[in-house]
Every structure is written in structure tokens, then in C-alpha cells.
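*Asks:* My structure is below; once you've seen it, I'll send some questions.
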Amino acid sequence: MMRAPILSLAGVAKSYGGTDVLGGIDLEVGEGEFVAILGFSGAGKTTLINAIAGLIEPDEGMILLRGKPIQGPDKERGLVFQSYSLFPWLTVQQNVALAVDAVHKDKSRAERAALVRQKVELVGLAHAMERKPAQLSGGMRQRVAVARALAMEPEILLMDEPLSALDALTRGKLQDEIERIRKEERRTILLVTNDVDEALLLADRIAVLTPAPAARIGRMFDVDVARPRDREAVNDDPRYQALRKRIVSYLGSLNAESGNAGDSSVDLPNVTPLDLAPPPQAYRDAAQSAVTARYLEFFKLDKVYPTPKGPLTVVEDFNLLMDRGEFVSLIGHSGCGKSTVLTMAAGLNEISKGGIVLDNREITAAGPDKAVVFQAPSLMPWLTARENVALGVERVYPHAARRARRDIVDYYLERVGLGEAKDKLAAELSNGMRQRVGIARAFALSPRLLLLDEPFGMLDSLTRWDLQDVLVEVWNRTKVTAIMVTHDVDEAILLADRVVMMTNGPNATIGKILQVDLPRPRDRKALLDHPKFYRYRQEVLHFLAEYDHGPAAKAA
């Protein structure tokens, strides 16, 4: 049963330049309630929260606080942005004091100082009161922003994706902090997020926005999972599993119209890429047969960096054998050396000790036989999507006819759902579309090894689902040997044959390997029904919880 409404929205609509962003939002929020607003990128979540904050005025509809229309920003609505916007020359105490001094002029200096101290202590930063933002981690800076909003003593705390720019470990710690604040402060909280699990861990109700244009609240979900909600324990809760499945299915149905991986209007030409890294002459003379088992081997791999305090061993004694066509996910906390292993496999990072052998040849340099998709796709912004992919295709297919090379480019761009955007400049594409170009470019090289370094890490979780499906669809057709670095547990299980879990750095190594015995091709909805899925998820979450310590955790 919803509490008496403190906030009411009726028919709230907003347009920009003739485009309807909000198409009539109706929502009532009870006093002391925690509501999460979930939606796709561009669905108008930030526009909605800014309207509630009084930073923009809706074109139609009403926003009432305790039955009275809101008129511009006010101290009763505290706002935490995605970026923390601190003054770099002021200390933590001074940044929070700015807000307190501005809105609590009726309090004495001692009362204001006590309020600052209380809110900074509430977010766990009493030890950093005199530090400046440059001396703080990203997670600590976001805590300062939360303390500043709370110090205004607002009736409603509005949070606009405050954790989306943080790594998974820091994000988890701040989620715990928000839950503790909810419990202690008893504030009414509205959280804009694109993370289903974040919404499920924190909220009393979840409002799902329909995609743009003219977003509305499509459905409301009551989160009937008992508090406190431990992220590892809820994984075994049938109510959590059922609700998570309902929300994921509903979001999938909303996204079905846009589609993810497309059919191709051209056939893939039957041409073989030029071998720019041929095997040693001895293998060629012996007519070495194609390798399938032990296709990729990491042997006693170490990476040591020199530092002013002496050598620092980042990765130590990393050993892994992969068969041809296998897909491995590499997961672990920030700083555990996942990307270091990947860049050594790509030939982009010198190996300190040990070796990596791919298809009977040792990796010593970068080349198109090892295609890499980075977190940022690194496209040439002045070139079109087609021209960006063609750069690599022309390098590995110089012997093919021009038409065949063009067909290869078009085939993969259409496979990743960019058939209508092939001739758009990279600068005109969204982040998700640019990452699709990066995926198409990698597959078009027909590499021996595909390396993916958190390719969806900069995207919201709903766009990430879309591109995971694209990757699954295209990989199913090529079966290229692949390694993907990720911090997303569901992503690791959805994509991989094995999940390789790394211990914390320094001296990081393989801590555990999980064999993922789930049928292929994989479908996200079907996986949520599979009896093994949550068991696998629990195994990875438990491992990550065991290693939830060390430098990365302390810095958060």
C-alpha cells in the first residue's frame, strides 16, 4: 500500500525543438518512499528529474509537492547529478558548507558546522573532511555530492544516475551507502537509473519509462523483496528472481521494435584474408595441420612494471588453455590485471615473463589477426561507418575485388543493425552505434582471435543488453576464438563457455574457472528460466564478494 503522496505528477509533458521527450507522465510518490525510474537512453529520465527539481518547466501538466505546484528549484528538493560538480579548490567540508550556508541562513554558525559534519560523517567521509576533490577517488567525490544534497535537508532527494560512471565495485559500495542513508534518514528518494539490479536492491517501487519519443510510465513494479537486500543473498530469493525476470522481459518487449542484429542484404564473399602473420617456415614445410585443441595458450604469464619504489608485479603466473572457437569471459575487480592480460594477448603490451601462443605461433606484436574492441571504439570521426570498417578490410583483403571488399563491409554493418546508418559520419552516431561499428570492424577482419576489453562498459545497461545480443548473434555465425574482459556478471555468463575469475592485484592470477554449461544459441529470457543460471551467477558473485577488499575497495 502506497503511503500518502508527498509528490504528484499529472500529465507532465515536455518537448524540445518539435520533438516530444515526455508524453504525459503520471506518478504519485508516498512520503518516505524510494522510487526508481528505469528507462532506456534518451527516454527522458533526466528531463523528468530536472522538471521535478524545478530546473526546467514542463510544457503541460502539473507537479505538486504536498499539494502545491513547484515553482523553480528549492531546498526541499536536493539533487545529485551523474557528475559530481565539486569545486576543486575547496575541501570536502567547504564544498558541503557552501550548500548549507546558502539554504540554512536561519541557523547559527555552530549549527551549520554541526550539520556539515553530520552529513559528511553519514556518507563515511569524516576522515577526508580536509581533503580536496583531486585527492579523492571517483566514488568518494560522489559521496561528497550526496552529503551536499542531504545537508540541504530536503524533503525529497533526487538522484540522476549518480553511480553510472563508477566501476562495479565502487558502484556496489555506493549502493550500500544509499541504502544506509535511506534507512537512517527516512527521506523520500527518487533514483533515475538504467540498472535493473540497482533498482531492485534499493527501491520500494520501480517505474519503467517507455522508449523515446513521448515517454510515459509504461508499468510500475512493486519490489516485494524483504529488506535488508544483500546482493548475494537476493540472488537465491525466488521473489527476486521472478520480479527480475518480469522486468527484464518487459524491457525486452519495449526494445523489440528497434531490433538489435539485422539481416544482411548481401552475401558474405567467399574470400580468405591475407595472412599477415604467417607461421614459421618449419610449420609450413611440415604442412602443419590446423590446430583446434590448445589453440590459444597462456603459459606462466607475468607482467611487471617498473616504479620509483621498485618492480610492481601486476599479473603473476597466469596459465590458461583455450580451444579453437571457445569464448572466455575474464572477470574481477578493478585493478586485477584483466585488461593487462588482454593487451598482452593483443601484442600491444610487452610480456615480462612466460608467453602466449596463438595457433602455433608466439604472440610478439600486434596485427589484424588479433582484433581488439576497446571500451571506446576509437573511430575516425570524419569518416563514415562504412569507411571506418573498410580501413581494416582493405588491409587484410588486398587481393580481393573492390566489390567483394565492399560486400564484406556491408555484410557486417548490416549484421550489427547499422544497415540504415552505413553512410553516416562516426561523429553523427550515438555511443551505442559507434560501438556497433567497432564490433563490425573487428569481425570483418576475420581474425584468429577476438579480444573485447569491456566494450559495453561506457554504455547504459539497457543499450548494453542490446549490443550483447548483437555480439551473440554475430559470434554464433563466426565462432571466432574470443576473450572478453567484463565486470558484468550476467554478461560474463551470457556470452562465455568459461568464466575466468581473477584475484585482486597486485600479483593477480586466476582464482577460479567456471564452466558454463548452458545451451547455445543463448537467449536472455530463456537463460533466466534455466535452473543453472542463478547457480552460476551465485558462484561468480560469491567469488567477487570474497575478493571485495584491497586497494580498489579502500579507494572507493
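Going by the working numbering, the letters in the sequence shown line up with residues 29 to 584, in that order. Every residue gets a Cβ at the ideal spot worked out from N, C-alpha and C, and that includes glycine.
Residue 86: buried (16+ other C-beta within 10 angstroms of its C-beta) or exposed?
*Replies:* Looking at its Cβ environment, which holds 16 or more other Cβ atoms inside 10 Å, residue 86 is buried.
*Asks:* Is the distance from the Cβ of residue 357 to the Cβ of residue 520 below 8 Å?
*Replies:* Yes. Within cutoff.
*Asks:* Closest to residue 559 by C-alpha separation, out of 45, 264, 190, 152, would be which residue?
*Replies:* The residue with the shortest Cα to Cα distance from residue 559 is 264.
*Asks:* Helix, strand or coil: which one does DSSP assign to residue 77?
*Replies:* Helix at residue 77.
*Asks:* Residue 256 to residue 165, Cα distance in whole Å?
*Replies:* 27 Å
*Asks:* Going by C-alpha distance, which of 368, 571, 490, 532 is nearest residue 277?
*Replies:* Comparing Cα positions, the closest option is 490.
*Asks:* Tell me the rounded alpha-carbon separation between residue 116 and residue 127.
*Replies:* 15 Å
*Asks:* Indicate whether residue 71 and residue 186 have their beta-carbon atoms separated by less than 8 Å.
*Replies:* Annotated as distal: residue 71 and residue 186, with beta-carbon spacing of 8 Å or more.
*Asks:* Please report how far the alpha carbon of residue 103 lies from the alpha carbon of residue 176, in whole angstroms.
*Replies:* 11 Å
*Asks:* So, does the region 493 to 512 touch the region 408 to 426, judging by three or more C-beta pairs under 8 Å?
*Replies:* no
*Asks:* State the DSSP-derived secondary structure class of residue 583, mapped to helix, strand or coil.
*Replies:* Its pLDDT being 39, under 50, residue 583 is placed unreliably by the model, and the measurement read from it follows with that caveat. Helix at residue 583.
*Asks:* With a threshold of 6 Å on Cβ separation, who are the neighbours of residue 312 within its own chain once the five nearest residues in sequence on each side are excluded?
*Replies:* Below a pLDDT of 50, predicted positions are generally treated as unreliable, and residue 312, at 44, falls in that range; no measurement from the model is reported.
*Asks:* With a Cβ-Cβ cutoff of 8 Å, do residue 157 and residue 203 count as a contact?
*Replies:* no
*Asks:* Candidates 173, 379, 324, 458: which alpha carbon is nearest residue 345's?
*Replies:* Ranking the options by Cα distance to residue 345, first place goes to 379.
*Asks:* In chain order, what residues of the same chain have a beta carbon less than 7 Å from the beta carbon of residue 220, not counting five sequence neighbours either side?
*Replies:* 65, 73, 74, 77, 187, 188, 189
*Asks:* Can you check the region 185 to 239 for any alpha helix (DSSP H) of at least 4 residues that lies completely inside it and give the ranges in chain order?
*Replies:* 196 to 213, 224 to 230
*Asks:* As an exercise, report each continuous alpha helix (DSSP H) stretch of at least 4 residues that is fully enclosed by the region 324 to 402, in chain order.
*Replies:* Segments of the alpha helix (DSSP H) lying fully in the region 324 to 402: 366 to 373.
*Asks:* Taking residue 154 as the reference, give the member of 144, 210, 262 with the closest Cα.
*Replies:* Here the closest residue by C-alpha is 144.
*Asks:* Between which two residues does the alpha helix (DSSP H) carrying residue 7 extend?
*Replies:* Residue 7 falls outside the range modelled here, since the chain spans only 29 to 584, and no answer is possible.
*Asks:* Compute the Euclidean distance between the alpha carbons of residue 273 and residue 569, then round it to the nearest angstrom.
*Replies:* 18 Å
*Asks:* For residue 52, tell me which candidate among 89, 83, 79, 60 has the shortest Cα-Cα distance.
*Replies:* Of 89, 83, 79, 60, the smallest CA-CA separation from residue 52 is found for 89.
*Asks:* When DSSP labels each residue in this structure, what does residue 41 get in the three-state scheme?
*Replies:* strand
*Asks:* Give me the Cα-Cα distance between residue 114 and residue 68, rounded to the nearest whole angstrom.
*Replies:* 28 Å
*Asks:* DSSP three-state label for residue 543, please.
*Replies:* strand
*Asks:* Between which residues of its own chain and residue 110 is the CB-CB distance below 7 Å, once the five residues before and five after are set aside?
*Replies:* 188, 189, 190, 192, 193
*Asks:* Please report the Cβ distance between residue 58 and residue 33, rounded to the nearest whole angstrom; I am assuming they are in contact, meaning their Cβ atoms lie under 8 Å.
*Replies:* 6 Å
*Asks:* Can you tell me which of the three DSSP states residue 412 falls into?
*Replies:* The answer is strand: DSSP assigns residue 412 an E or B state.
*Asks:* Would residue 515 be called buried (16 or more neighbouring beta carbons within 10 Å of its own) or exposed?
*Replies:* buried
*Asks:* For residue 541, does the count of other Cβ atoms within 10 angstroms reach 16, so buried, or fall short, so exposed?
*Replies:* exposed
*Asks:* Which residue comes first and which comes last in the beta strand (DSSP E) that contains residue 61?
*Replies:* That residue, residue 61, is in no beta strand (DSSP E); it is neither H nor E in DSSP.
*Asks:* Looking at residue 124 and residue 179, is the spacing between their C-beta atoms short of 8 Å?
*Replies:* yes
*Asks:* If you count every other CB in all the chains shown that lies within 10 Å of the CB of residue 488, and 16 or more means buried, which is it?
*Replies:* buried
*Asks:* Check whether the Cβ atoms of residue 106 and residue 182 lie closer than 8 Å to each other.
*Replies:* yes
*Asks:* Count the other CB atoms within 10 Å of the CB of residue 225; is the residue buried (16 or more) or exposed (fewer)?
*Replies:* buried
*Asks:* Using a Cβ-Cβ cut-off of 6 Å (strictly less than) and excluding sequence neighbours within five positions of residue 82, which residues of its own chain qualify?
*Replies:* 98, 100, 101
*Asks:* Using DSSP with H/G/I as helix, E/B as strand and the rest coil, what is residue 48?
*Replies:* strand
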